[in-house]
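*Asks:* Here it is, the structure in full.
Residue numbers (this note's numbering): 682 to 923.
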């Protein structure tokens, strides 16, 4: 149960902060052997995050019915990551990106990218403009690259984060559906109490992260995440090159 708690924190916190959830999950699995970390648990964790986004932004999602233009832009913006992700997994290319050197460099480079973008002037709001940019490389961070691009396009921090959260909805849905499909194919579609606990804990930590992060960026810059990324990236590069 303790392992599920730790994995839920990692998923719930890193999925929505600009620090890359994939890199942290890769690092944790590399240096710590969790007995309960498997496909069904990973799917459960993503389902929890997916439900948290739907719950927190339920009013915005209801407004998508009225604002169909925004809805279609979210779907279209999410298509590249889902298509590229499918082919990377289909042809077993994703593992080539999942190593310490790649994570180290991308963590540092895109941490600096986040810092530069956060200094941009603001003259746009989410009600009038939208964004299409996504990334799959471990260490880049879907949240981080989306927020960075939105900042370069002069969106304010709050709306940049909302754009990132909106784009996570179809992506998390696709990951959950794809994972469940794999379970069905492997004839291992069995949910235990640990799976339901994983969903619940991931939901709680994801919801709290979304709420706290949105309040945080209304008052402060993204410098703390930049510092964390650069420090982590440098440590990983030192480890990988020694």
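Note that the Cβ used here is the ideal one computed from N, Cα and C, for glycine as well.
Using three-state DSSP, classify residue 721 as helix, strand or coil.
*Replies:* Translated into the one-based positions of the chain shown, residue 721 becomes position 40. Of the three classes helix, strand and coil, the one that applies to residue 721 here is helix, per DSSP.
*Asks:* Consider the Cβ of residue 791: report whether some Cβ of chain D lies at a distance smaller than 8 Å.
*Replies:* This model lacks chain D altogether; it includes just one protein chain.
*Asks:* Is it buried or exposed for residue 733, if we count other Cβ within 10 angstroms and need 16 for buried?
*Replies:* The residue you call residue 733 lines up with position 52 of the chain shown. With 16 or more Cβ atoms within 10 Å of its Cβ, residue 733 is classed as buried.
*Asks:* Please determine, among 800, 826 and 726, the residue with the shortest C-alpha to C-alpha distance to residue 901.
*Replies:* Position 220 of the chain shown, counted from the first residue, corresponds to residue 901. With distances taken between Cα atoms, residue 901 lies closest to 800.
*Asks:* Between the Cα of residue 885 and the Cα atoms of 725, 721, 749 and 756, which residue gives the shortest distance?
*Replies:* Taking the first residue of the chain shown as 1, we reach residue 885 at position 204. It is 725.
*Asks:* Taking the straight line between their C-alpha atoms, what separation do you get for residue 702 and residue 784?
*Replies:* Sequence index remark: in the chain shown, residue 702 carries index 21 (1-based). Sequence index remark: in the chain shown, residue 784 carries index 103 (1-based). Approximately 11 Å between the Cα atoms of the pair.
*Asks:* Among 848, 690, 836 and 825, which has the Cα closest to the Cα of residue 789?
*Replies:* Your numbering for residue 789 matches position 108 in the chain shown. Answer by Cα proximity: 825.
*Asks:* Find the nearest neighbour of residue 877 within the set 722, 892 and 695, judged by alpha-carbon distance.
*Replies:* The sequence position of residue 877 within the chain shown is 196, counting from 1. Cα-wise, what sits closest to residue 877 is 722.
*Asks:* Please name the residue, chosen from 745, 904 and 695, that lies closest to residue 822 on a Cα-to-Cα basis.
*Replies:* The count along the chain shown starts at 1 and reaches residue 822 at position 141. Of the listed residues, the one whose Cα sits closest to residue 822 is 695.
*Asks:* From residue 781 to residue 791, what does the alpha carbon distance come to, in whole angstroms?
*Replies:* For this step, residue 781 is matched to residue 100 along the chain shown. For this step, residue 791 is matched to residue 110 along the chain shown. Each residue's alpha carbon lies about 15 Å from the other.
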